[in-house]
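One structure is given below, encoded as structure tokens.
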Ligand code: SF4
């Protein structure tokens, strides 16, 4: 079997925001790798730090500390010219296709904007590239002179995808790309993302709430809770053999994903605590049905439990 090349490596990454004299630890000491051509799914409740993490990879949020390596280069320690090249390679598809498109620009202007900024193509070739991108995202050529308001949610998301593809990236952060869409449209966008991945050899970080969709598209899945990765495993291993009590609880609320005997719906006590005042020790201990006394005192480290299966729980 050919071993896949590592594309992205994240080491001890943190993003802390100062909020009312307190420190909000949105992402707190996270490490993982993404291999070329794979889709890493990222799941967890709202407020777990998923989107902040995705945006840090593209430097839309500057990390507080930690390292991001893209194709073995530390992206904080490269020349301006190299950084521009990395920026081209790494793009994002946003959650909301309504607010992420400038309503004053035509589709042609929206899609060609990255080409203008990065000056990758002469003017006369930009038009051809826009046609190519509309074709890739299954949008009619007549869309070019229209404005975002003239399109449905699904079509707007296709425009967002076309814009993300303009510079021929290798890696895309898909930040909840279907959660603002009608259920009937979600499958179409998922199919498009899968087709594009095969056709263009893309690598995805796929952030989502919908576990069924994450299972469908991901090669591996990472589970986040209050700024930490608590479990990371190949997709079927994670869904069939979850190790962390938080993952078990998340999966139990999706009976349709219950391929192995799994306890029916595990109700977690209370809401996710505030990241301004995270619990001591294991951050999940205030809601964990299996918590021991030691869990409130000692923080469990993310470690290998089975081959390629990492978990952060004192019980493993
Ligand atoms: Fe639950 Fe303790 Fe494991 Fe945390 S370390 S998930 S509180 S059992």
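Numbering (the working numbering), first residue to last: -12 to 303.
Glycine is no exception: its CB is placed at the ideal position from the N, C-alpha and C atoms.
For residue 79 versus residue 120, is the C-beta distance shorter than 7 Å? No, the Cβ-Cβ distance between residue 79 and residue 120 is not below 7 Å.
Is the separation between the beta-carbon of residue 147 and that of residue 168 shorter than 7 Å? no
Simplified DSSP state of residue 279, which is helix, strand or coil: If DSSP states are grouped into helix, strand and coil, residue 279 belongs with coil.
Would you tell me roughly how many angstroms separate the C-alpha atoms of residue 18 and residue 2, rounded to the nearest one? For residue 18 and residue 2, the distance between alpha carbons rounds to 13 Å.
With C-beta atoms as the reference, is residue 15 less than 7 Å away from residue 214? yes
Kindly indicate the opening and closing residues of the beta strand (DSSP E) around residue 266. For residue 266, no beta strand (DSSP E) segment is defined, and its DSSP state is neither H nor E.
Identified DSSP bridge partners for residue 86: Partner(s): none; residue 86 has no beta bridge.
Indicate the three-state DSSP secondary structure (helix, strand or coil) for residue 286 in the structure shown. coil
Who are the near neighbours of residue 32 in its chain, counting only those whose CB is closer than 7 Å to its CB and skipping five residues on each side? Excluding sequence neighbours, residue 32 sits near 259.
Just the C-alpha distance for residue 269 and residue 261, rounded to the nearest angstrom, thanks. 14 Å
Pairwise C-alpha distance: residue -7 and residue 60: 11 Å
Please specify which runs of the alpha helix (DSSP H), each continuous and at least 4 residues long, are wholly inside the region 72 to 151, giving them in chain order. 94 to 105, 110 to 123
Quick one: does the C-beta of residue 271 sit closer than 6 Å to a heavy atom of ligand 1? yes
Expressed to the nearest angstrom, what Euclidean distance is found between the alpha-carbon atoms of residue 102 and residue 170? 32 Å
Say yes only if the C-beta of residue 23 is nearer than 6 Å to one or more non-hydrogen atoms of ligand 1, and no if none qualify. no
Using the Cα positions of residue 160 and residue 98, report the straight-line distance between them to the nearest angstrom. Taking the straight line from one Cα to the other gives about 18 Å.
Return the CA-CA distance between residue 10 and residue 265, expressed in angstroms with no decimal places. 10 Å
Mapping DSSP to helix, strand and coil, what is residue 182? In this structure, residue 182 counts as helix in the three-state DSSP scheme.
Are the beta-carbon atoms belonging to residue 297 and residue 219 less than 7 Å from one another? yes
Need the endpoints of the alpha helix (DSSP H) that residue 202 sits in, please. 198 to 204
Contact defined as beta carbons within less than 8 Å: I believe residue 231 pairs with residue 210. What is the distance between those atoms, to the nearest angstrom? Confirmed, about 7 Å.
In this structure, how does DSSP classify residue 224 when only helix, strand and coil are distinguished? helix
DSSP-derived helix/strand/coil call for residue 18: strand
Measure the C-alpha to C-alpha separation of residue 7 and residue 52 and round it to an integer number of angstroms. 21 Å
In this structure, what does DSSP give as the bridge partners for residue 293? 296
Counterpart residues of residue 190 in DSSP-defined beta bridges: 158
Just checking residue 237 against ligand 1 - is the residue's beta carbon closer than 6 Å to any of the ligand's heavy atoms? no
Output needed for residue 28: all residues of its chain with C-beta closer than 6 Å, excluding positions within five of it in sequence on either side, in chain order. 193, 201, 205, 208
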